[in-house]
Structure formats: structure tokens, C-alpha cells
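In the UniProt record's numbering, the protein residues as written are 1 to 165.
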């Protein structure tokens, strides 16, 4: 019996290394990367620059629906996938896990815990770039992100240490 395709669900705040990890560790082995931020950028430009920050979730919603559909199609076709999206809320992670399992895939939940000070350092560097993975994030926005983030605990998560890749 053939093993189920693996879907890597990445959990972490902006700047925690999710995209870097997916590109370095997973894509080279043939895992398909689905990035919500990159698709939003392709369609709407840069967060907080080409459109107001408060519009992000409205612009993101149809992209998330599209990525979810594509994920199901890839899993049913036997492909392993990495979902390059923060998955900040526990309920959101449960929904994605159920989607993957219903499509016939196996889930690996990878958590990227990074201390606030290190995130600030990384984001200050990233804020100088203008690509899809460089959403401008201020210190106050990062505080808001932390307030809305449910760190995984007891969800079968695997910890990816900041300096391990």
C-alpha cells in the first residue's frame, strides 16, 4: 500500500522562517509549496503600500479558498504539499488538518517559535525589501500579531528551532 501524501502545515508568526524553511528543506525534495502571501502580492501588490493594511483579510480570503482547493486536488493526485501560511489560530489549524485528512493526506504540523526580539530584528531587515514575502511589519503590529497568535500545544506539533535550517 502506498503511503499517503504528506501535507506540512507551517505555524509561526511573520518572520519566523516558514518560507525559508519550505524553500530550503521541502521544495527541493519535490514538495509543492502553496503560498497565500505570494498570491495576494501577485494580485494586489504590497501590504500597507499598494493597499491599506485593513483590507488584507478581505483580499486574502479568496486566495485562501483557492489554496485550500488546490491543496485537495494535489493530495488526491498523490502529491505532498507545504502550506506556506501562518495558521495562527488553533481552530484554523484544526480546519486545515481536517481538510488534509478528508482528502487522504497525512499531516505534519511544523511550529516555528521565535522570540519577539529576534522577530523584530528579522522584520526590520525584511521591511527594507519589496517582495511578496516582505510584508512591512511595525513593532506595534507585531504586538498585535502576538496577541492574536495561539501557539500550538498538544496538537502533534514538531518544533523547528530558529537556527536549525
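For every residue, glycine included, the Cβ atom is placed at its ideal position computed from N, Cα and C. Computed from a predicted model, the values in this text were never measured in an experiment.
message = Can you list, in chain order, the residues of its chain with a C-beta nearer than 6 Å to that of residue 93? Leave out the 5 residues immediately preceding and following it.
response = 87
query = Whose C-beta lies closer than 7 Å to the C-beta of residue 4 among residues of the same chain, with five residues either side of it excluded?
reply = 104, 105 and 106
inquiry  = Could you check whether residue 31 and residue 75 sit closer than 8 Å to each other, using their CB atoms as the reference points?
reply    = no
Classification of residue 152 by the beta-carbon crowding that lies within 10 angstroms, buried from 16 upward = buried
key: Distance CB(residue 34)-CB(residue 81) smaller than 8 Å   = yes
inquiry  = Applying the 10 Å Cβ sphere with the 16-neighbour rule, what's the burial state of residue 49?
reply    = exposed
ask   = residue 91 to residue 45, Cα distance in whole Å?
value = 28 Å
task = Could you tell me the distance, in whole angstroms, from the CA atom of residue 21 to the CA atom of residue 158?
result = 13 Å
Helix, strand or coil at residue 109 according to DSSP, with G and I counted as helix = strand
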